[in-house]
Amino acid sequence: MKKNIIFLMTLITILIVHSNVKAASTNFYEAEKIDNIYTKSVKNGTTHFQKSRFFRRKSDNKAAYCIEPFNFFDESASYETSINPNNIDQNTWERMSLIAYYGYNYQGHTDNKWYAITQLMLWQTVDKDADFYFTDYLNGNKIEKFTNEIAEINDLVNNHYIKPSFANKTININIKNNKIIDTNNVLQNFYPTTSNISIVDNYINLDKLTEGNYSFTFKRKYQNNEPVLFYYNQTSQNLMTGGYLPNDEFSLNINIYKTKLKITKIDSDTKTTTSFGDGKLNETILELYDEKKNFLQEIKLNKDCTATIDNLDLGIYYLKEKQAGTGYIQDDSFHKIELTLDNTKINYEFENKIIEKEIFIHKEYGEENNTLPEGNITFEIYKANKLVYTITTDNLGNAKIKLPYGKYLIKQKNSKTGYKYVEDFEVIVNNETTDLFYNLYDYKIPIPNTRDDINKTWYIIVASCLLIMGIYESKKYNSK
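The sequence shown begins at 286 in the working numbering and counts up one residue at a time.
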């Protein structure tokens, strides 16, 4: 029983150590040599020199790389496969994986020299205590060779970590903007895992999206459909093959918003869009400015005294009157408006004050050069033949009223008995007039002098009779 327990514990330990090892075994062989390329490896007094040659996987002839340069390779050995070697730290393994990917067989790297370069760079990465270099011939002298190619692979490896400028961020974007541009210029190296967005050149095309919140995942494009693999054997040097790196992706959250700014012009007295007097609110012209008060656009109102601007970007804006509606006082101040994610729809009421003038009437009655204040006299004020206001004088003969922009006719409604009415008069209120003062007088109606008229009548009658009698006597005398 005790032996069985020990055996089980040993088996569990082995399984834990090799938990990431696949059961299937793989075999490799030393393949073709590469002409005119020689390398030397030096460590602790041990020197290995060789003509560069390929290692290949027997199953498909895929190129493999030696990663234990001072160990013996046994072509008859069978290898176990892993994606995470236990004897190499994660950072080193990741760099080795990138060198293997961007080295031989990467686009433009198909010449055999790239295999030799990749192999040398892998040795330099995995064993930093040794010295690896190219020589001019077999067991020859160290030479600087393929420096540009090595620099190119290093650049590709270093740039591999650069992701698009919007990686792992939340982007708030106006629906009118149908693209998100990558300022890091690496977007072409990735692809979205969903079909409702696409990559065009160096931007994400959002044409298929509507207003709302979205989450996307992007994965790196790899030429190889197999991951980087590590091959382990206790009696032969370890190997690796190039491929893609797992979990090479990023996320992006997109919040697509719509904005609407509706402007309504209202009269400050009525608090409605109904114009006061002869004013015309809908003739107002507004101007829109950005946060720095740079002019953006002119805004004209429709017949309902409203205007709508769709899909402004989030931010601060200012409204200002360029021209007030007919009959209204122009507002030259800047009106601040702020569009935010919490406030994308704004209804803004813009008030205007109608032009008004005060009309003063002083009323007196009597005879010329002898008048007195006349109270309780009512005046009716008409606009377009419609009675709109009435005012009545006080005991001092005074009355006043504010009239909005327009043309009016004022009529006196009553007067003291025996006194005339003033004639109807017109009042015009516009943006040029000041307050208006009217001194009005009712004069006594003249009474006819009836006694003088009777006397005149008798004088005429007597004179007529005397004239007739004179004519008669004259005719009588002549007849004799």
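Ideal Cβ placement from N, Cα and C applies to all residues, glycine included. Bear in mind that the values here come from a model prediction, so they are computed numbers and not experimental data.
**Ala348 classed as buried or exposed, judged by whether at least 16 other C-beta atoms fall within 10 angstroms** = Here residue 348 refers to the residue found at position 63 of the sequence shown. Residue burial is scored here from C-beta neighbours: Ala348 has at least 16 other C-beta atoms within 10 angstroms and is therefore classed as buried.
**Message:** Considering only DSSP beta bridges, list what Asp552 is partnered with.
**Reply:** Taking the sequence shown and counting its residues from 1, the one referred to as residue 552 is at position 267. Asp552 is bridged by DSSP to Asn637.
**Item:** CB of Val471 within 7 angstroms of CB of Ser382, strictly
**Value:** Numbered from its first residue, the sequence shown carries residue 471 at position 186. Numbered from its first residue, the sequence shown carries residue 382 at position 97. Against a cut-off of 7 angstroms, the Cβ pair of Ser382 and Val471 comes out as no contact.
**Request:** Using alpha carbons as the reference points, say which of Leu491, Glu641, Asp467 lies closest to Ser553.
**Result:** The count along the sequence shown starts at 1 and reaches residue 553 at position 268. That would be Glu641, whose Cα lies nearest to the Cα of Ser553.
**Presumed contact (8 angstroms Cβ cut-off) between Asn426 and Thr420, rounded CB distance** = Locating residue 426 in the sequence shown gives position 141, counting from the first residue. Locating residue 420 in the sequence shown gives position 135, counting from the first residue. Contact flag correct, Cβ pair sits at about 6 angstroms.
**Cβ of Met525 within 7 angstroms of any chain B Cβ** = Note that chain B does not occur in the displayed structure, where there is just one protein chain.
**Request:** Count the other CB atoms, across all protein chains shown, that sit within 10 Å of the CB of Thr410; report buried if there are 16 or more and exposed otherwise.
**Result:** Taking the sequence shown and counting its residues from 1, one reaches residue 410 at position 125. Thr410 is buried by the Cβ-count criterion.
**Message:** Quick check: the Cα distance between Phe417 and Gln375, rounded to an integer number of angstroms?
**Reply:** By one-based count along the sequence shown, residue 417 stands at place 132. By one-based count along the sequence shown, residue 375 stands at place 90. In this structure, the alpha-carbon of Phe417 lies about 22 angstroms from that of Gln375.
**Sub-7 angstroms separation of Lys852 and Lys318 beta-carbons** = Here the chain comprises residues numbered 286 to 765, so residue 852 is not present and cannot be evaluated.
**Nearest residue (CA-CA) to Asn457, options Leu546, Asp598, Asp563, Tyr350** = Position 172 of the sequence shown, counted from the start, is the residue given in the question as residue 457. Cα-wise, what sits closest to Asn457 is Asp598.
**Request:** Would you kindly report the start and end of the unbroken beta strand (DSSP E) that includes Lys621?
**Result:** In the sequence shown, residue 621 corresponds to position 336, counting from 1. Annotation: the continuous beta strand (DSSP E) that includes Lys621 extends over 620 to 624.
**Asked** Identify the residues that DSSP records as bridge partners of Ser809: which are they?
**Response** In this structure the chain extends from 286 to 765, so residue 809 is not present and cannot be described.
**Item:** Selected residue, minimal CA-CA separation from Asn549, among Ile713, Ile631, Asn540
**Value:** The count along the sequence shown starts at 1 and reaches residue 549 at position 264. Reading the sequence as shown, one finds Thr at residue 549 and not Asn. The shortest Cα separation from Thr549 among Ile713, Ile631, Asn540 belongs to Ile631.
**Asked** Nearest-angstrom Cα distance between Arg341 and Tyr446?
**Response** Counting from 1 along the sequence shown, the entry for residue 341 is found at position 56. Counting from 1 along the sequence shown, the entry for residue 446 is found at position 161. Each residue's Cα considered, the two are about 29 angstroms apart.
**Prompt:** Which residues does DSSP pair with His333 in a beta bridge?
**Reply:** Along the sequence shown, one-based indexing puts residue 333 at 48. Note: His333 sits in a beta bridge opposite Ser326.
**C-alpha distance - Ile753 paired with Val707, whole-angstrom precision** = Here residue 753 refers to the residue found at position 468 when the sequence shown is read from its first residue. Here residue 707 refers to the residue found at position 422 when the sequence shown is read from its first residue. If I take the Cα positions, the gap works out to 51 angstroms.
**Item:** Expected contact under 8 angstroms - CB spacing of Ile601 and Glu576 to nearest Å
**Value:** Translated into positions along the sequence shown, residue 601 becomes position 316. Translated into positions along the sequence shown, residue 576 becomes position 291. Rounded to whole angstroms, the Cβ separation of Ile601 and Glu576 is 4 angstroms, and the two are in contact under 8 angstroms.
**Request:** Would you kindly report the start and end of the unbroken beta strand (DSSP E) that includes Val411?
**Result:** The count along the sequence shown starts at 1 and reaches residue 411 at position 126. From DSSP, Val411 is part of no beta strand (DSSP E) but of the alpha helix (DSSP H) over 398 to 411.
**Request:** Go through its chain and collect everything with a Cβ distance to Trp408's Cβ below 6 angstroms, but skip five positions before and after it.
**Result:** Position 123 of the sequence shown, counting from 1, holds the residue named residue 408. Here the set comprises Pro354, Phe417.
**Request:** Select from Leu530, Asn654, Asn628 the residue whose C-alpha is nearest the C-alpha of Glu379.
**Result:** As a first step, residue 379 must be located in the sequence shown, where it is residue number 94. Measuring from the Cα of Glu379, the nearest candidate turns out to be Leu530.
**Prompt:** Do the region 518 to 537 and the region 496 to 505 meet, that is, are 3 or more Cβ pairs less than 8 angstroms apart?
**Reply:** Contact annotation: the region 518 to 537 touches the region 496 to 505, with at least three C-beta pairs closer than 8 angstroms.
**Asked** To the nearest angstrom, how far is it from the Cα of Gly388 to the Cα of Ile368?
**Response** For the purposes of this step, residue 388 is taken as the residue at position 103 of the sequence shown. For the purposes of this step, residue 368 is taken as the residue at position 83 of the sequence shown. C-alpha separation (whole angstroms): 19 angstroms.
**Request:** List the DSSP bridge partners of Ser536.
**Result:** By 1-based counting over the sequence shown, the position of residue 536 is 251. Thr502, per the DSSP bridge assignment.
**Message:** Does the structure place the region 616 to 631 close enough to the region 583 to 592 that three or more beta carbon pairs sit under 8 angstroms?
**Reply:** No, because fewer than three Cβ pairs between the region 583 to 592 and the region 616 to 631 fall closer than 8 angstroms, the two stretches do not touch.
**Prompt:** Whose CA, out of His394, Leu581, Lys547, Tyr728, lies closest to the CA of Ile438?
**Reply:** Within the sequence shown, the letter at position 153 stands for residue 438. Ile438 has its Cα closest to that of His394, out of His394, Leu581, Lys547, Tyr728.
**Message:** Less than 7 angstroms between the beta carbons of Asn567 and Leu586, yes or no?
**Reply:** Residue 567 sits at position 282 when you count from the first residue of the sequence shown. Residue 586 sits at position 301 when you count from the first residue of the sequence shown. Their beta carbons are under 7 angstroms apart, which means Asn567 touches Leu586 by this criterion.
**Asked** Looking at the structure shown, is Val485 part of a helix, part of a strand, or coil, going by DSSP?
**Response** Along the sequence shown, one-based indexing puts residue 485 at 200. For Val485, the secondary structure class from DSSP, reduced to helix, strand or coil, is strand.
**Item:** Cβ-Cβ separation, Asn518 to Ser363 (assumed contact under 8 angstroms), whole Å
**Value:** By 1-based counting over the sequence shown, the position of residue 363 is 78. By 1-based counting over the sequence shown, the position of residue 518 is 233. Right, the Cβ-Cβ distance comes to about 7 angstroms (below 8 angstroms), so this counts as a contact.
**Asked** Which of helix, strand or coil does DSSP assign to Glu643?
**Response** Sequence index remark: in the sequence shown, residue 643 carries index 358 (1-based). DSSP places Glu643 in strand when its eight states are reduced to three.
**Prompt:** Who are the Cβ neighbours of Ile622 in its own chain at under 8 angstroms, not counting the five residues just before and after it?
**Reply:** Stepping through the sequence shown from its first residue, residue 622 is reached at position 337. Within the same chain, Ile622 has close Cβ partners Leu546, Ile601, Tyr602, Tyr603, Leu604, Ile631, Tyr633.
**Sheet register partners of Ala349 (DSSP bridge)** = The residue given as residue 349 occupies position 64 in the sequence shown. Answer by DSSP bridge pairing, in chain order: Phe340.
**Thr420 in three-state terms, based on DSSP** = Reading the sequence shown from its first residue, position 135 is the one you call residue 420. Of the three classes helix, strand and coil, the one that applies to Thr420 here is strand, per DSSP.
**Asked** Which of helix, strand or coil does DSSP assign to Thr377?
**Response** Working through the sequence shown from its first residue, we reach residue 377 at position 92. Helix at Thr377.
**Prompt:** When DSSP labels each residue in this structure, what does Glu572 get in the three-state scheme?
**Reply:** Numbered from its first residue, the sequence shown carries residue 572 at position 287. Note: Glu572 maps to strand in three-state DSSP.
**Message:** Using 8 angstroms for Cβ pairs, my map puts Gly564 next to Thr611. What's the rounded Cβ distance?
**Reply:** Position 279 of the sequence shown holds residue 564. Position 326 of the sequence shown holds residue 611. Sure, about 6 angstroms apart at Cβ, within 8 angstroms.
**Prompt:** Nearest to Pro477 by alpha carbon, out of Thr468, Tyr704, Tyr488?
**Reply:** Residue 477 sits at position 192 when you count from the first residue of the sequence shown. Checking every option, the nearest Cα to that of Pro477 belongs to Tyr488.
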